[in-house]
Each structure stands twice: as C-alpha cells, then as structure tokens.
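Below is one structure, written out as structure tokens; the observations come after it.
Number of protein chains: 2
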Amino acid sequence: MNTLADGTAEHAHTTAWIASVLRSRIAAGELTPGSKLSEEPLSAALGVSRNTLRQAFSTLAGESIVTRIPNRGVFVASPGVEEVREIYRVRRMIEPAAVLWGDVTPKVLDDLEAIVQQAQHARASGSVPDMADANQSLHRAVVALTGSTSLQELMDRVLAEMRLVFHSMASAPDFHSHYVDRNVTLVKQLRAGEREEAAAGLRAYLDLAEAELLAHLGEEQDRQSELRQRAG
Amino acid sequence: MNTLADGTAEHAHTTAWIASVLRSRIAAGELTPGSKLSEEPLSAALGVSRNTLRQAFSTLAGESIVTRIPNRGVFVASPGVEEVREIYRVRRMIEPAAVLWGDVTPKVLDDLEAIVQQAQHARASGSVPDMADANQSLHRAVVALTGSTSLQELMDRVLAEMRLVFHSMASAPDFHSHYVDRNVTLVKQLRAGEREEAAAGLRAYLDLAEAELLAHLGEEQDRQSELRQRAG
DNA sequence: TGGAACAAATTGTTGAACAATCTGCGATTC
DNA sequence: GAATCGCAGATTGTTCAACAATTTGTTCCA
Chain F
13 MNTLADGTAE HAHTTAWIAS VLRSRIAAGE LTPGSKLSEE PLSAALGVSR
63 NTLRQAFSTL AGESIVTRIP NRGVFVASPG VEEVREIYRV RRMIEPAAVL
113 WGDVTPKVLD DLEAIVQQAQ HARASGSVPD MADANQSLHR AVVALTGSTS
163 LQELMDRVLA EMRLVFHSMA SAPDFHSHYV DRNVTLVKQL RAGEREEAAA
213 GLRAYLDLAE AELLAHLGEE QDRQSELRQR AG
Chain U
13 MNTLADGTAE HAHTTAWIAS VLRSRIAAGE LTPGSKLSEE PLSAALGVSR
63 NTLRQAFSTL AGESIVTRIP NRGVFVASPG VEEVREIYRV RRMIEPAAVL
113 WGDVTPKVLD DLEAIVQQAQ HARASGSVPD MADANQSLHR AVVALTGSTS
163 LQELMDRVLA EMRLVFHSMA SAPDFHSHYV DRNVTLVKQL RAGEREEAAA
213 GLRAYLDLAE AELLAHLGEE QDRQSELRQR AG
C-alpha cells in the first residue's frame, strides 16, 4: 500500500513536499527576499522535474510567499512599504475583532498567559528571536479566538510576510521588547472580561507598531539607496 | 511583441485563462458542486495539455473553489454544513469590523445606497437572482471599507462559496427578500455615524442568515437521503 | 455472503522538446 | 559619446508521450 503516517499516499506528495521545503528555507532566511528561484538549477538541486517545481511555485505564489513575474521567473517575496501597510490593515481588523467577538475560554486564557510568560523570559535573557517568536505566537493565538480556519490561515500568511520584512532588514533592532508589557495588559484585560478596552488597546498597539516598522523601513531604504548611489 | 491590452505577454496566460474559464463555469452553475473534473477529457475539451490544466487546478484549489483528493481527482467544491458555519464565522468577524473601523467616505455611502436601491428594485420586480446579486454586492462593499485587498479577496472567496451552496440546493426559496430592509437600516445607520449599532445589527443579521441557511440545508439533506434510500 | 486477487482506468511525476519572451551585448547612427 | 536597433543566448511557458503508483470495479473462490 505504501502509505505515510497520515494515511495519505506517498505517490501524491512530492509537489507538496517541495513546496514545504521551499517554505521552510524562506522562513529560515536561507533564501533571502528578492532572490530569484531559477527553475532549471533549483529543480536539479531538489531532485525533481521542472514541472513539479513549477506546481510547487503555484502553491507558494498563492500564499504570496513568492512573487511570480510572467516570463521573468519567480522571486522570494520582498515586502515593501505598501505590503507592510496592507499587513497592518488586515491585523487592525481581525485581531481586535477576535478580541471583541471571539470565544474566550479559560483554556485559551491559560495558553495566552503561558505565551506572555515565554516573552517575558525571552526579554529577561535578552533573546530577540525568542521574543519575536513569542510575540507572533501571541497574536496568532488571538486570531485563533475566532475559531475560523480561514482567518487563521490569513493571519499565518501575514505573519510569514512579517518575517520576510524582518529578513529584508539588515539591522533588526530591538523591536519587540517594549511590546511585551502591552501584551501582558492585553491578556489581563481579556481575563477581566474588558473586551472593548482590550480591543481598543490592541488597535493602538498595532498603530504604533506599524508606525515604528514603517519608520525603520524608511531609514533602511534611505541607507540602501545611499549605498547604491555611492556604488554607482 | 505580441502583448495583450494590459501589457502582459500572451505567452504566459493560458494557465490563468483556463482557471478563469473554469471559475466562470462553476460560478454560472454549469459545473455543479460535487461533479468530477477528469483531467484527460477536460484538457481535451479545453484544448490544453493535461499539465497546464493541472496547474489551473492548483490555482482553483487555493481558492477552495475546487477540492483535490490525492489520487482520486479534483471535484467542484460542495460546501456542506461545516463549510457554511466557517463562512459565517469569517463574515461575523470581518463585516462588523469593517463597519466599526473601516473608512466610511461619502462616496462609499452613495455606492452603498445605490446597491440598496438595486436590491429594492429587484424585490419589486420579483427577481430572486438580482436580489441575491445585490445582496452580495452590498456585503462585498462593506468589506471594501477595510481598504484591504487581502480581506477583500477572502470575502470574495467566501461569497463564491456561498454561491456554490445555493447551487447545491435544489430548491432555492426566497432567501433574500426579508433581508433587504435590514440592509436599508444598515446603510442608514452608517450614514448617521452609528457604527456600533450598525455592527451589532449586522452581527444579528448574520446570525439569523446562518441559522436559516443551515435549517434549509438540513431539510435539503434529509430530502436527498430520503431519495437515496428510496432509490436503493 | 464475504473477501482476496486481478484488470482497467485515473492520477502523479518525469524528461525532452519547442515556441515565446526577456536580457545583455555589440553595431549602427546621430 | 550617447541613444537606438537588432541579434544571439538564456529562461520561461507549454506540450507531448511515457511510466509508476493508486484507486476502482469485477471476477472468482471459499
């Protein structure tokens, strides 16, 4: 029968597998934003045919992890100012909505608190990546309050794009440390049942985070165009 | 150069074109929910290779217009009770969020009013399809208040799935007529700036619509299983 | 009736081929 | 000297034909 652990057939999984491999490599930063994914070399390197690689590209393009330019090729997505704005447009809608109208169970509250503690621990030990991870986990868990898989998937896509933004920044400064306390407050408010206050605070947080990120992105771009000018 | 009106090359568009053809046929109800899309006959009928048809399938599967079962084939999506619940989970989050926090400009208000008038006209002339279209247009326009293309795309997918639900129902009764007045109220509240009331009313409307749709879907399934029993 | 074995049909993947398109480089022209 | 044109070379988009793996339906046997 030749089946895998999940019961699906092995024969129908190379495309999905290739897609997941690329997804991981991009998330890990091995493939940096903007780099080109040429079909022939890459398919050879992965040991699959050009056709199946192409199909994997379709999947990733649908997740906007990768950008396809007709007759030019596919590139690792390189989110800029407009993409960041779109990210926060989405987050500013679905996260407060989840807080206001989601299903807040005691179990979820415990989970949220555990994540917040992870973030505090990461801040104490000065690990920026761990803090970033904990922060993403928290906001992911917030959207989970909606109980909707579609919204969860959208949020996952958005968070993946956020990681790309950070990857495309040469200097990623301490972006998360002063948000930890806000997250503590958020969970406290949720436990107290103060949903409207929590939603309002969350929106304020998102506005602030967007502004900071855009500011840093602007400096980053200035720095790069300056370098380009000096090189040319 | 051989380019199209939008400036993109003709050579890179058969896949997208095939996808849009299938999308249209499914939306029009020519391909009914649950029907199988066999690769060889369909690729022959469309005059493309099996490979490109396959790639188009990937696109449509990403939009969940079509369901792919490994080694079994792809089928026109056939949303059931769980899918309807998910549809309303999404709508109950993003529509009220758009109403609460979206950018309500005078122009948008005029557009909304025009759509409501279309719905009223459709009700007066007794055209159920026109009423359904106007209803979808309205809720689509509500989500447009978010200014987010991602949320707009998600809503479009959800509405497409709604159409599939209606297509899968043998008897589609007058489902929309008594919602027209609710939409009138919604737009009135929006113009008056009563966003919280509008959001609350919208959530109540969505709860009601979901319950009615689920009830009708239940009857429908009972009817079909009865038929199946009689046939077997 | 129930189940094992087998044959046919369908999907998943591959490899090679060709057409269309983009890129970069050199030649031509002003 | 700069801009434009045109032409290889490389890359992408698509097709075709083949084969491996899987499912499905049927037949046969206990």
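Residue numbers (this note's numbering), protein chains in the order written: chain F, 13 to 244; chain U, 13 to 244.
All C-beta atoms in this analysis are idealised placements derived from N, C-alpha and C, irrespective of residue type, glycine included.
These figures come from a predicted structure and were not determined experimentally.
For threonine 71(F), the closest alpha carbon among the candidates Glu222(F), Ala28(F), Arg135(F) is that of Ala28(F). Rounded to whole angstroms, the separation of the alpha carbons of phenylalanine 178(U) and alanine 40(U) is 11 Å. Here the C-alpha atom of alanine 144(U) lies approximately 46 Å from the C-alpha atom of leucine 43(F). For the options Gly92(U), Lys48(U), Tyr217(U), Leu54(U), the alpha carbon positioned closest to that of glutamate 173(U) is the one of Gly92(U). Contacts with chain F at 8 Å (Cβ-Cβ) include leucine 166(U).
Segment contact: the region 51 to 65 of chain U against the region 94 to 107 of chain U, fewer than three CB-CB distances shorter than 8 Å; contact not assigned. Straight-line spacing of the CA atoms in valine 154(U) and arginine 103(F) works out to 17 Å.
Taking the Cα positions, valine 78(F) is about 20 Å away from histidine 25(F). Counting along the chain, the unbroken beta strand (DSSP E) around arginine 80(U) starts and ends at 78 to 81.
In this structure, the alpha-carbon of serine 183(F) lies about 18 Å from that of histidine 190(F).
Glutamate 107(U) counts as buried, since at least 16 other C-beta atoms from the protein chains shown sit within 10 angstroms of its C-beta.
Within the region 143 to 155 of chain U, not one residue has a Cβ closer than 7 Å to any Cβ of chain F. Any Cβ of chain F closer than 8 Å to the Cβ of tryptophan 113(U) would place that residue at the interface, and such an atom is present. Using a Cβ-Cβ distance cut-off of 8 Å, the region 216 to 232 of chain F and the region 160 to 167 of chain F are not in contact, since fewer than three pairs of beta carbons, one from each stretch, lie closer than that value.
In this structure, arginine 80(U) lies near alanine 73(U), with their beta-carbon atoms less than 8 Å apart.
Under the three-state reduction of DSSP, phenylalanine 187(U) is assigned to coil, being neither helix nor strand.
Glutamine 129(U) sits exposed, since fewer than 16 C-beta atoms from the chains shown fall within 10 Å of its C-beta. Taking C-beta atoms under 8 Å as the contact rule, leucine 124(U) and valine 199(U) qualify, at a distance of about 5 Å.
In the three-state DSSP reduction, leucine 65(U) falls in the helix class (H, G or I).
Per DSSP, reduced to three states, the secondary structure at valine 86(F) is strand. Pro82(U) is the residue among Asp115(U), Pro82(U), Ser50(U) whose C-alpha sits nearest the C-alpha of histidine 23(F). Of all residues in the region 100 to 111 of chain F, those with a C-beta nearer than 9 Å to a C-beta of chain U are Arg101, Val102, Arg104, Met105, Ile106, Pro108, Ala109, Ala110, reading in chain order. When the five nearest sequence neighbours on each side are left out, the beta carbons in the same chain lying within less than 8 Å of the beta carbon of serine 47(U) are those of Phe87, Val88, in order along the chain. Contiguous alpha helix (DSSP H) elements confined to the region 92 to 165 of chain U occur at 93 to 113, 118 to 136, 140 to 156, taking only those with 4 or more residues. Of the candidates Ser50(U), Val116(U), Thr117(U), the residue whose Cα lies closest to the Cα of glycine 85(U) is Ser50(U). As the crow flies, the alpha-carbon of alanine 211(F) is around 23 Å from that of threonine 117(U). In this structure, the CA atom of aspartate 142(F) is about 11 Å from the CA atom of isoleucine 127(F). Glutamate 98(U) reaches chain F at Ser160, Thr161, Ser162, counting residues in chain order whose Cβ is nearer than 7 Å. With distances taken between CA atoms, histidine 188(U) lies nearest to Ala131(U) out of Gly205(U), Ser32(U), Leu202(U), Ala131(U). For a cut-off of 8 Å, the C-beta gap from glutamine 148(F) to leucine 171(F) is around 5 Å, short enough to register as a contact. The C-alpha of histidine 133(F) is placed about 10 Å away from the C-alpha of valine 192(F). The C-beta distance from serine 76(U) to proline 45(U) rounds to 12 Å, too long to fall under 8 Å, and the pair is not in contact.
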